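J.: Pasting in a structure now, in structure tokens, and then I'll have a few things to ask.
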Amino acid sequence: MYAEFELLDKDGVKVSLAADNVEYIKQDGAALTPDDQGTLWFNVVKPAGQYVFEVKTKAGEEYLAILDWEPDPMP
Numbered sequence: 294m295y296a297e298f299e300l301l302d303k304d305g306v307k308v309s310l311a312a313d314n315v316e317y318i319k320q321d322g323a324a325l326t327p328d329d330q331g332t333l334w335f336n337v338v339k340p341a342g343q344y345v346f347e348v349k350t351k352a353g354e355e356y357l358a359i360l361d362w363e364p365d366p367m368p
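Shown next, in the form of structure tokens:
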């Protein structure tokens with residue numbers, strides 16, 4: 294199962310994470326492979342904790358986002 298997340302800039306404008314817009318996406322320093330979607334799909338079975346995402350767009354803009362993940366208890 295996955296949860297969809299979007300990256301917003303400081304003005305609340307959505308930043309596309311699609312391959313045609315980003316130079317790279319990293320999660321905790323490890324490179325992720327961008328695809329054709331403008332959002333990120335996060336695996337909900339990951340353990341609780343902070344996950345750091347770095348994004349550099351083809352326009353040269355750099356973003357750092359920290360996801361404080363707390364999974365829902367599984368039934």
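Residue numbers for the sequence shown follow this note's numbering, beginning at 294 and rising by one.
Think of the CB as a built atom: it goes at the ideal place given N, C-alpha and C, for glycine as much as any other residue.
These figures come from a predicted structure and were not determined experimentally.
(1) Roughly how many whole angstroms lie between the Cα atoms of P327 and S309?
(2) Name the DSSP bridge partner or partners of K319?
(3) In the DSSP assignment, find the beta strand (DSSP E) that holds L333 and state where it starts and stops.
(4) So E297 is in the beta strand (DSSP E); what residue range does that whole segment cover?
(5) Just checking my contact of V348 with V315 at CB under 8 Å: how many whole Å lie between their CB atoms?
(6) What three-state label does DSSP hand G342 in the structure shown?
T.: Per the coordinate set shown:
(1) So the two alpha carbons sit approximately 10 Å from each other.
(2) A324 and E347.
(3) Annotation for L333: the continuous beta strand (DSSP E) segment containing it runs L333 to N336.
(4) Counting along the chain, E297 sits inside the beta strand (DSSP E) bounded by residues Y295 to F298.
(5) Between V348 and V315 a beta carbon distance of about 6 Å is seen, short of the 8 Å cut, so the two are scored as contacting.
(6) Residue state for G342 is assigned as strand, using DSSP reduced to three classes.
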